[in-house]
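Just below is one structure, and these are the notes that go with it.
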Amino acid sequence: MGLKQEIERRRTFAIISHPDAGKTTLTEKLLLFGGAIHVAGAVKSNKIKKTATSDFMEIERQRGISVATSVMGFDYRGHKINILDTPGHQDFAEDTFRTLTAVDSVIIVVDGAKGVEAQTKKLMQVCRMRKTPVIVFVNKLDRDGRDYFDLLDEIEEQLQIQVKPLSWPVGEGSGLKGVYNIYNESLYLFQGDKQEVKKGVEINDINGSELDDIITKTSADTLREDLDIVREVYPNFNRDTYIDAQVAPVFFGSALFNFGVQELLDCFVDIAPSPLPSQTEERQVSPYEEAFSGFVFKIHANMDPNHRNRLAFVKICSGKFERNTNYLHVGLNKKLKFSSPTAFMAEKKSIIDEAYPGDIVGIPDTGNFKIGDTLTSGEIMHYKGLPSFSPELFKYVNNADPMKSKQLNKGLEQLMDEGVAQLFTNKMNGRKIIGTVGQLQFEVIQYRLLHEYNASCQYEGIMLHKACWIKSDNEEQLNDFKKRKYQYMATDTHGRDVFLAESSYVLQNAQTNFPDIQFFFTSEFK
Ligand code: G4P
């Protein structure tokens, strides 16, 4: 198969949801269809349980398991599917944001009874920012939920995207009878089974009496009426508007009962985009270019101190990646060769000889890589799209063992390279401040500094509301601002100016009083 065909058959995506909506269950059912796993429950172990918030050891144990499942590849109907796993725990939201930079599309799982929840809205903001095509899967139809039209209104409003149902449920909760597939115009009857993959019963004539016989005349009439409304209210499905991230197709089903999942998958492989062009600072790169290029979007550290190497996850953006070939690490301006790149097929990790755009390869790393690094066949370019988000929790980090300051600095530097948190240095007193999006990260850092770097740190509270990057063409105003706010000015690890706002009030005032200064809430700005 040539490069073109390899690219066209790839579908690289992430499933995102608010915790408990059914992401893990859906992932598992998709893997069952792909034949990548054979029993339900195999993916479950990857999940960081909500009860584990303060049980850091448990989280690390689970993180260990999660390497194997952080990318799940399988073949389905001639397509190569790559599902990128995202941590459900909201303290790892930053990881999820970064993973979203490596996918070409997204499936959002919404709990049919609970509707759109907070985390889903946040993740959707990232999709919107990146114009990522999304499909919505309304899950848990086997439970009594909301009126379906109300739910669709809520999705449109809360996720700020037009929707287009491509399937429609017959009944709900205990009265669930089936789902009509609008996309391929057939009805699948509900035959719940948690373990097995069963095909639904297909009925092709929605107006025939056969349907009345099977689901009763009342249900059949309701379905016909509902479908009339759907046709009237929602525009005809047009793939371009989906690829353009203007319209989100919606599917209904029950992941637990494996219902509506295959319809989702079948339609997904048809309509979801194959690898799309990616943007570097210098130019746009087409996946079809012969020369290889890719970027590191995730680094997974090995927690075992005896095996310190890490795994860098590289998303291939163009050309063919080959084992034992020299590639340019642009950041280091150094040629590197990789003898054991790994690919992920559901539960298994194996060494591969080649990989194509859309694929993720894991590269064992002894400290060469940082999140965001670009690899190329020789061209000097830098992939964009791995923003750091302005953190919301802050602490001073102090060295608790003066004999180990070298270890502490090295540890902090490497953990920041992995993207565990962000480090700022206060300009006035030179003190280091760690900023995170979740409380758990502070524990993670302290634990890992001790166990991996033999360094100990202590935290000291600091009252801050937000850190934001600042920039202005009005140099005088910028200098004036920096002078006045001297004690609240810091630099990030790239040496860029960061304003540490004590409260939203202070931030608002600063924005009003210094109109020529731009305040940025992600690190990726121009
Ligand atoms: P998440 O990854 O989005 O956090 O959700 P997960 O798949 O773990 O699902 C959360 C809970 O919802 C699980 O129950 C799961 O079994 C259940 N669930 C998922 N899909 C459906 C569905 O279609 N219908 C119904 N009724 N339930 C569903 P749990 O009790 O938390 O876990 P478990 O003991 O079942 O493993």
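Residue numbers (numbering that gives the first Met the number 0): 0 to 525. All residues carry an ideal CB built from backbone N, CA and C; glycine is no exception. None of these values were measured; they are calculated from a predicted model.
Point to revise | Nearest-angstrom Cα separation, counted from R9 out to I134 | key: 17 Å
Review point. Quick one: Cα of G598 to Cα of L411, how far?
Key: Limits of the chain in this structure are 0 at one end and 525 at the other, which puts residue 598 out of reach.
**Study point:** Supposed close pair S455, A399 - CB separation, criterion 8 Å
**Key:** 4 Å
Check your understanding: From S253 to V284, what distance separates their C-alpha atoms?
Key -> 39 Å
Practice item. Determine the extent of the beta strand (DSSP E) in which R10 is found, giving its start and end residues. Key: R9 to S16
Review point. I think I359 touches F312, with their Cβ atoms under 8 Å apart; what is that distance to the nearest whole Å?
Key: 6 Å
Practice item. Please determine if the segment 462 to 478 and the segment 491 to 504 are in contact, where contact requires at least 3 C-beta pairs separated by less than 8 Å. Key: yes
Check your understanding: Which full runs of the beta strand (DSSP E) of 3+ residues lie inside the segment 346 to 425, going along the chain?
Key -> 347 to 350, 359 to 364, 373 to 375, 392 to 398 and 421 to 425
Check your understanding: Beta carbon of G98: closer than 8 Å to some heavy atom of the ligand G4P?
Key -> Before going further, note that residue 98 is Thr rather than Gly in the sequence given. No, Cβ of T98 sits at least 8 Å from all heavy atoms of the ligand G4P.
Point to revise | Residue closest to S317, alpha-carbon to alpha-carbon, out of G371, S376, I298 and K348 | key: S376
Practice item. Spatial neighbours of P164 within its chain, please: CB distance less than 7 Å, with the 5 preceding and 5 following residues excluded, ordered by chain position. Key: L151, I181, V229, Y233 and V249
Review point. Whose C-beta lies closer than 7 Å to the C-beta of N453 among residues of the same chain, with five residues either side of it excluded?
Key: K403 and Q406
Review point. Nearest to Q161 by alpha carbon, out of D220, S104, N237 and N203?
Key: N237
Check your understanding: So Y75 is in the beta strand (DSSP E); what residue range does that whole segment cover?
Key -> V70 to Y75
Check your understanding: In terms of residues, what are the limits of the beta strand (DSSP E) holding M488?
Key -> M488 to T490
Point to revise | Extent of the continuous beta strand (DSSP E) to which Y233 belongs | key: Segment: none, Y233 is in no beta strand (DSSP E) and carries neither H nor E.
Check your understanding: Can L18 be considered in contact with the ligand G4P, in the sense that its beta carbon sits closer than 8 Å to one or more heavy atoms?
Key -> Per the sequence shown, the amino acid found at residue 18 is Pro instead of Leu. True, at least one ligand heavy atom lies under 8 Å from that Cβ.
Review point. Shortest alpha-carbon distance to T11 belongs to which of E5, K28, K79 and G21?
Key: K79
Review point. What do you reckon, are the CB atoms on G177 and I214 nearer than 9 Å?
Key: yes
**Study point:** For V295: DSSP bridge partner residues
**Key:** V313
Exercise for review: Determine the direct distance from the alpha carbon of Y147 to that of P276, and round the result to whole angstroms.
Suggested key: 36 Å
Review point. Between S69 and the rest of its own chain, which residues show a CB-CB distance below 6 Å, the 5 nearest in sequence each way excluded?
Key: D84
Practice item. Consult DSSP for V505 and reduce its assignment to one of helix, strand or coil. Key: helix
Exercise for review: Let me know the secondary structure DSSP gives Q445 once reduced to three states.
Suggested key: helix
Point to revise | N- and C-terminal bounds of the alpha helix (DSSP H) containing F96 | key: A92 to L99
Point to revise | Endpoints, the alpha helix (DSSP H) within which L150 is located | key: Y147 to L158
Review point. Which value, in whole angstroms, describes the spacing of the CA atoms of E209 and N203?
Key: 10 Å
Exercise for review: Identify, in the order they occur along the chain, each residue of the same chain with its Cβ nearer than 8 Å to the Cβ of I469, setting aside the five sequence neighbours on each side.
Suggested key: L477, F480, D496, V497, F498, I516, Q517, F518 and F519
Check your understanding: Looking only at its own chain, which residues have a Cβ that is under 8 Å from the Cβ of I351, when we skip the five neighbours before and after it?
Key -> R322, P340, T341, A342 and V360
Review point. Mind checking whether the beta-carbon of L141 lies closer than 8 Å to any heavy atom of the ligand G4P?
Key: According to the sequence displayed, residue 141 carries Asp and not Leu. Indeed, a heavy atom of the ligand G4P lies less than 8 Å from the Cβ.
Point to revise | C-alpha distance - M71 paired with N81, whole-angstrom precision | key: 6 Å
Check your understanding: Considering only the beta carbon of each residue, do S166 and F251 sit closer than 9 Å?
Key -> yes
Check your understanding: Do I432 and L422 have their C-beta atoms within less than 9 Å of each other?
Key -> yes
Review point. Between which two residues does the beta strand (DSSP E) carrying I432 extend?
Key: K431 to T435
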